[in-house]
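Participant:
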Amino acid sequence: MKTYSQEHIDASQARVDANLRADRKQVAKAPSKEFEARFLNDLVLLLDYMFVHRLTGIEGKDGNPLNQVRVLCNSILLNKGKLQVDKLPGWPNSAGSG
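Using my numbering, read the sequence shown as starting at 2 and increasing by one per residue.
1) Based on Cα-Cα distance, which residue from F52, N68, V28 lies nearest to T4?
2) Any contact of the segment 35-51 with the segment 10-25, i.e. 3+ C-beta pairs under 8 Å?
3) For S76, does the count of other Cβ atoms within 10 angstroms reach 16, so buried, or fall short, so exposed?
4) Apart from the five residues just before and just after V1, which ones in its own chain have a Cβ nearer than 7 Å to its Cβ?
5) From what residue to what residue does the alpha helix (DSSP H) around H54 run?
6) Buried or exposed for V28, going by 16 or more other Cβ atoms inside 10 Å?
Structure below.
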């Protein structure tokens, strides 16, 4: 999928905004680094899921935001949260950088 309807984009933004508002309320009541880390990881996964139908060809491999979200999701889900970039030359933690 190369494009998303404005309705889908607006609904996605509203969901992310609602999650951020809930996060700010929680942090104001009881700040927790563990909660924040888990919340932000889940938010990245949600953001990716909302646009998972994008074509991989438009993502590219140059470290753009689409590529970075995929890398973060793979790292969260498949590498216990440790950054692992799949064979991208020049990226410090890339599997292909040695």
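All C-beta atoms in this analysis are idealised placements derived from N, C-alpha and C, irrespective of residue type, glycine included. All of these numbers come straight from a predicted model, not from anything done at the bench.
Facilitator: Result, derived from the coordinates:
1) Walking along the sequence shown from the start, residue 4 turns up at place 3. The shortest Cα separation from T4 among F52, N68, V28 belongs to F52.
2) Contact between the segment 35-51 and the segment 10-25 is established, with three or more Cβ pairs separated by less than 8 Å.
3) By one-based count along the sequence shown, residue 76 stands at place 75. Classification of S76: buried, given that the 10 Å Cβ count is 16 or more.
4) No statement about residue 1 is possible, as the shown extent of the chain runs from 2 to 99 and does not include it.
5) If you number the sequence shown from 1, residue 54 lands on position 53. Where H54 is concerned, there is no enclosing alpha helix (DSSP H), given that its DSSP letter is neither H nor E.
6) Your numbering for residue 28 matches position 27 in the sequence shown. By the Cβ-count criterion, V28 is exposed, with fewer than 16 other Cβ atoms from all chains shown falling within 10 Å of its own Cβ.
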